[in-house]
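Before any comments, here is the structure.
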Ligand SMILES: Cc1ncc(COP(=O)(O)O)c(C=O)c1O
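Numbering (the numbering used here), first residue to last: 1 to 368.
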């Protein structure tokens with residue numbers, strides 16, 4: 001894979017995975033800084049205040065010295081923000097998705113997973129000895145078919161993302177939850193690209209769909225709209241307690257640092273205060289970029305615009321052209337997407353000025 005990646009980069013004469021840029025000369029449509037909070041003064045101040053009060057690191061795992069009152073209060077706040085009973089922090093959402101199923105599922109269980117699910121969920125599913133059955137991406141019909149034929153298991157887990165980040169499609173969660181109820185299955189939903197983005201007040205996919213009694217396991221990255229670092233898992237308090245003591249990626253890994261917790265609190269403060277304006281701008285920018293792309297855009301409902309490119313070299317070349325014109329974009333090539341279904345992704349975050357997004361749109365019209 002690495003050799004093939006190197007060949008593609010050499011042929012395109014551009015390495016999109018090692019770009020050097022500054023804010024003055026580039027319009028950043030590559031980062032997941034959906035609300036622009038990574039540069040907001042209040043969020044930076046919150047991180048600094050947390051360092052002053054609690055230090056730079058807890059220098060221990062959550063079960064050693066990491067179970068601080070600061071961490072507990074922040075987890076409680078985050079769970080309430082998402083409308084769930086309890087939450088745990090992980091060093092990253094990748095680590096959370098990798099570890100939780102290995103604790104909860106074993107050889108007597110089944111895992112039914114969206115074929116396009118994030119690598120961390122797939123690796124996590126493979127880490128337990130449960131039977132894995134993929135279903136066609138976002139297809140309720142195929143999920144129903146797979147569940148009906150799943151056979152006898154102690155528990156069945158239905159694993160998906162809320163927003164699929166390479167194309168911006170949103171999973172039909174109400175229908176998926178209805179099937180879970182019908183088949184007594186436990187939903188596992190990664191809302192990394194929904195938290196801070198979807199819903200009338202930015203609380204994520206559950207708010208977007210009006211789901212108030214989510215019966216499963218919710219995960220999300222704190223490194224996207226929430227502008228920090230780390231991962232979260234949330235849901236029923238009993239399951240969280242089990243994960244807290246049994247999930248190796250949590251038990252044996254250093255707890256989230258005070259500045260990471262401070263950043264999260266600062267981001268939640270801004271979202272709670274300003275989401276109506278920030279969210280509106282994010283969706284407005286999505287439309288500006290979508291208009292510029294016209295028919296050359298993949299259909300996706302989230303504030304993500306993706307350009308289908310076919311093969312990897314075309315995706316890398318398009319990213320290079322955009323870069324030469326002052327726009328940062330992200331190419332997704334196999335194995336992140338299926339072979340010959342490569343895309344270039346553009347996210348115009350609310351932290352950009354409208355003038356910058358209009359300039360990017362003019363450039364996209366000329367380049368794509
Ligand atoms: C859907 C999804 N899940 C999980 C992750 C991993 O998140 P983190 O960066 O917190 O490990 C990502 C990041 O790319 C993602 O897009």
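Idealized CB from N, CA, C, for every residue including glycine.
- Note that the C-beta distance between residue 79 and residue 86 is below 8 Å.
- In the DSSP annotation of this structure, residue 345 is not part of any alpha helix (DSSP H); the continuous beta strand (DSSP E) holding it starts and ends at 342–346.
- Residue 97 has its CB nearer than 7 Å to a heavy atom of ligand 1.
- Rounded to the nearest whole angstrom, the C-alpha separation of residue 342 and residue 55 is 43 Å.
- Beta-bridge partners assigned by DSSP to residue 131: 110.
- Inclusion of residue 133 and residue 146 in the CB contact set at 8 Å is warranted, their separation being smaller than that value.
- Following the DSSP letters along the chain, one finds residue 306 inside the beta strand (DSSP E) bounded by residues 305–310.
- Here residue 142 is actually not in contact with residue 165; their C-beta atoms are around 21 Å apart, not less than 8 Å.
- Beta-bridge analysis with DSSP links residue 220 to 232.
- Taking C-beta atoms under 8 Å as the contact rule, residue 235 and residue 217 qualify, at a distance of about 5 Å.
- Relative to ligand 1, the beta carbon of residue 208 is positioned no closer than 7 Å to any heavy atom.
- Rounded to whole angstroms, the Cβ separation of residue 275 and residue 84 is 18 Å, and the two are not in contact under 8 Å.
- Contact between residue 169 and residue 138 holds: CB atoms are separated by about 6 Å, below the 8 Å threshold.
- Assigned with DSSP and collapsed to three states, residue 295 falls in helix.
- With a cutoff of 8 Å on beta-carbon distance, residue 321 and residue 367 are scored as near each other.
- For a cut-off of 8 Å, the C-beta gap from residue 347 to residue 34 is around 7 Å, short enough to register as a contact.
- At a threshold of 7 Å, residue 31 does not count as near ligand 1, since its beta carbon sits no closer than that to any of the ligand's heavy atoms.
- Of the other Cβ atoms in all chains shown, 16 or more fall within 10 Å of the Cβ of residue 285; this residue is therefore buried.
- Closer than 7 Å to some heavy atom of ligand 1: that does not describe the Cβ of residue 114.
- For residue 116, there is no enclosing alpha helix (DSSP H), as DSSP marks it with neither H nor E.
- Residue 74 and residue 94 have their C-alpha atoms roughly 20 Å apart.
- Positions of the alpha helix (DSSP H) runs, each at least 4 residues long and wholly inside the region 24–107, are given as 41–54, 69–82 and 93–104 in order along the chain.
- The closest heavy atom of ligand 1 lies less than 7 Å from the beta carbon of residue 192.
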